[in-house]
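The opening position of the sequence shown corresponds to residue 29 in this note's numbering, with each subsequent residue numbered one higher. Comments concern the structure below.
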Amino acid sequence: IAPPMIGLGLLEAIAEETILANADPDDRNGDGISGRPNYVRDQATGEQVLGRFGWKAGQPSLAQQNADAFLNDMGLSTPLLRGDNCSAAQDACRTLPNGGDPEISENIFNQVLFYTRNLAVPARRNVDDAQVLAGKQLFHAAGCVACHTPSHVTRADAAEPELANQTIRPYTDLLLHDMGEGLADQRPEFLASGREWRTPPLWGIGLTEAVNGHTQFLHDGRARTLLEAVLWHGGEAEPAKQRVLSFNAEQREALLAFLNSL
């Protein structure tokens, strides 16, 4: 399942020190939550930098995320990532016509980057509804906010002036968390283990069906509803899941009403 494209420029504009301030890799506060940053390769500089995009925070910036998608999903080179992704064994791939070097011009690359940075987050719905407000309280009481950090303030020096100094509510800490064996894909990515995932933002999640035509959630779409997605949580999120399981039917409906308002 492709992660939503909304609000990516705002996530990119969260200061690194803000993200790292929420990290607790050794669980020194003893709350059972040990979010940690992923450090990945910056293809432009060769340095190890903070990752924040992708299911395991394997990309450090939107420019590199886009370049990786062009190259590895579409087979198109960009000013950032040149060449092709054909392996030595793929003779047919290596002999196919080439669209130039790079195949995506700097102008087109920058236009796509502008679009991905500025695709807006939809407005919330029913924010003053009593059931939604009750569900918000339950979301906090269950401990979901330990990873799904409600709000951040973006940097003053964001890539676009419209993205700067904004109070945003993505409900993510952009950190890696051990989600248990049930969700493990056993696929490491830089520092992320096969059991770790970046906390996905929740903004816009209530419009998933309207936008995508389905209600498939989690990295592989195994959850058919938001409640199923909650019940797949394990590892660090196991206590929060157990609290949700203790909710009665009315409380669960309120929790879902809150999530669907995001």
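Even glycine gets a Cβ: it sits at the ideal position worked out from N, Cα and C.
Task: Proximity of I47 and P65 at Cβ, strictly below 8 Å - done: Your numbering for residue 47 matches position 19 in the sequence shown. Your numbering for residue 65 matches position 37 in the sequence shown. Yes, the pair counts as a contact, with Cβ atoms nearer than the cut-off.
- [ ] Compute the distance between the beta-carbons of V149 and G232, then report whether it is under 8 Å.
- [x] Counting from one through the sequence shown, the residue named residue 149 turns up at place 121. Counting from one through the sequence shown, the residue named residue 232 turns up at place 204. For V149 and G232, yes; Cβs fall inside 8 Å.
Open item on the list: Applying the 10 Å Cβ sphere with the 16-neighbour rule, what's the burial state of M207?
Closed with: For the purposes of this step, residue 207 is identified with residue 179 of the sequence shown, where counting begins at 1. Looking at its Cβ environment, which holds 16 or more other Cβ atoms inside 10 Å, M207 is buried.
Task: Through-space distance from G35 to T236, alpha-carbon basis - done: The residue given as residue 236 occupies position 208 in the sequence shown. The residue given as residue 35 occupies position 7 in the sequence shown. T236 and G35: Cα-Cα distance of roughly 15 Å.
TODO: Provide the residue span of the beta strand (DSSP E) that contains R226, from first to last.
DONE: In the sequence shown, residue 226 corresponds to position 198, counting from 1. Per DSSP, the continuous beta strand (DSSP E) segment holding R226 begins and ends at E224 to R226.
Task: Burial state of H176 (16 or more Cβ within 10 Å) - done: One-based indexing of the sequence shown puts residue 176 at position 148. Result: buried.
Task: beta strand (DSSP E) segment containing D206, residue limits - done: Locating residue 206 in the sequence shown gives position 178, counting from the first residue. Counting along the chain, the beta strand (DSSP E) containing D206 begins and ends at L204 to D206.
Open item on the list: With the cut-off set at 8 Å, would you say G263 and R223 are in Cβ contact?
Closed with: If you number the sequence shown from 1, residue 263 lands on position 235. If you number the sequence shown from 1, residue 223 lands on position 195. Between G263 and R223, the C-beta spacing is below 8 Å.
Open item on the list: Would L290 and L230 be called neighbours here (beta carbons separated by less than 8 Å)?
Closed with: In the sequence shown, counting from the first residue as 1, residue 290 sits at position 262. In the sequence shown, counting from the first residue as 1, residue 230 sits at position 202. Result yes, Cβ atoms of L290 and L230 sit closer than 8 Å.
Open item on the list: Taking the straight line between their C-alpha atoms, what separation do you get for G44 and A187?
Closed with: Position 16 of the sequence shown, counted from the first residue, corresponds to residue 44. Position 159 of the sequence shown, counted from the first residue, corresponds to residue 187. Just to set this straight, residue 44 is Glu in the shown sequence, not Gly. E44 and A187: Cα-Cα distance of roughly 14 Å.
Task: Euclidean distance between Cα positions of G234 and V140 - done: As a working note, residue 234 is residue 206 in the sequence shown. As a working note, residue 140 is residue 112 in the sequence shown. Answer to the nearest angstrom: the Cα atoms are 26 Å apart.
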